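Accompanying notes for the structure given below.
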Amino acid sequence: MMPLAVFLALVLALAPRQDPDVPILDAHNHVMPGLDPDEMVRELDRHGICRIVLMATGTPFDKRAGLTLAAFDKHPDRVILFVGLNGIRRFTPEILKSIDGLLASGKFRGMGELTLRHYPFEREALDGSTVRAGDYTLAADSPEVLEVFALAEKHGVVLTVHMETTAETIPAFRRALAKHPKAKVIWAHQTPIKTLDGAKEEHARKADPKQIAELLDRTPSLYADLSVGYETLFLKSDDRKLPEAWRTLYESRADRFVVGLDMPFLQGWKTDGYRLRLEVLREWLKQIEPGARKKIAHENAEKLFGG
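Counting from 632, one number per residue, gives the positions in the sequence shown under this note's numbering.
Have a look at this one:
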């Protein structure tokens, strides 16, 4: 007769194993005045985040490179540098020249978030303070924005784009991608909660994953990220369940997605915002088959940004 201990060991060895939480490369995040790089990295360590893309915000453009470089200098093995473009309303010749120079230095792996369409909001943060974001509209196929796409193409870096889905934004985005087909672009916030044609809760969860699939199929250099942006306002417990159409999108085009946590306000870093967003993200990832999950969680980003 087989000893009980040997039998139990055999059963455990043959039983299906739960896939553990995979490492995550946070491909969409921000640094702002007041965020201590050491404190940020401790937060990453607490939550199993291997590396992080930082895009500076909350300060004039000419101060942003200094913020990201300060974080990189302290933690070069954890920080991936992006030129911070958040909230720039006009890309003047001076700003474009400055971006070109920063990218030419070879230190920056990308730039973003290029804000093409952003809905304004005001809400209470976890610490009781109020955070606000502005109303931005900038056509993807306007001459100045096409210059930004051209810089991404010229330097071979990644361009992260924030663009809400509307009847006006999608055609312009298609034209910009067609004009610069070699520009590596990440379209942010492609999740089941995202809005369609409006900024209210009634517009949330209305986006069509087939439209995203069509854009990805049309442009081989286009990627998308699973980060919850504006739609955080409408997040409910039921949203942890990944709809079948979205799961199919992520699995069928697993080579084209990355993940991010998108913390644009200092209050989020100082409270429990990172953990709360990560919980939702990990719930989605667990519902995706393991091979696709690893690609989306970190492998695709590692290929995009390099070592």
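C-beta atoms are modelled at their ideal positions from N, C-alpha and C, and glycine is treated no differently. Source: prediction; values computed, not measured.
- Nearest neighbour of Glu-862 by Cα position, chosen from Leu-847, His-820, Ala-855, turns out to be His-820.
- Nearest Cα to Lys-837 within the set Ala-932, Ala-876, Lys-810: Ala-876.
- Counting along the chain, no beta strand (DSSP E) covers Leu-880; the unbroken alpha helix (DSSP H) around it starts and ends at 875–883.
- Taking all protein chains in view, the Cβ of Lys-738 is surrounded by fewer than 16 other Cβ atoms within 10 Å, so the residue is classified as exposed.
- The segment 702–710 makes no contact with the segment 756–773, as fewer than three CB pairs between them are under 8 Å.
- When only Cα atoms are considered, Asp-828 and Pro-802 end up about 13 Å apart.
- Judged by DSSP secondary structure, Thr-761 falls within the beta strand (DSSP E) whose first and last residues are 761–764.
- Boundaries of the alpha helix (DSSP H) around Ile-843: 840–849.
- When beta bridges are read from the DSSP output, Asp-856 appears opposite Val-889.
- DSSP lists Tyr-767 as the bridge partner or partners of His-749.
- For Val-889, the closest C-alpha among the options Glu-832, Tyr-854, Lys-825, Glu-744 is that of Tyr-854.
- Here Leu-857 is actually not in contact with Glu-778; their C-beta atoms are around 29 Å apart, not less than 8 Å.
- Sorting Lys-867, Lys-925, Arg-884 by C-alpha distance to the C-alpha of Glu-910 places Lys-867 at the top.
- Counting other Cβ atoms within 10 Å of its Cβ, Glu-795 reaches 16 or more and is therefore classed as buried.
- Secondary structure of Glu-744 (DSSP, three-state): strand.
- By the Cβ rule, the segment 693–707 does not count as touching the segment 742–755, because fewer than three pairs are nearer than 8 Å.
- Counting C-beta atoms within 10 angstroms of its own C-beta, Gly-904 has 16 or more neighbours from the protein chains shown and is therefore classed as buried.
- Taking a C-beta distance under 8 Å as the contact criterion, Gly-718 and Thr-688 qualify as a contact pair.
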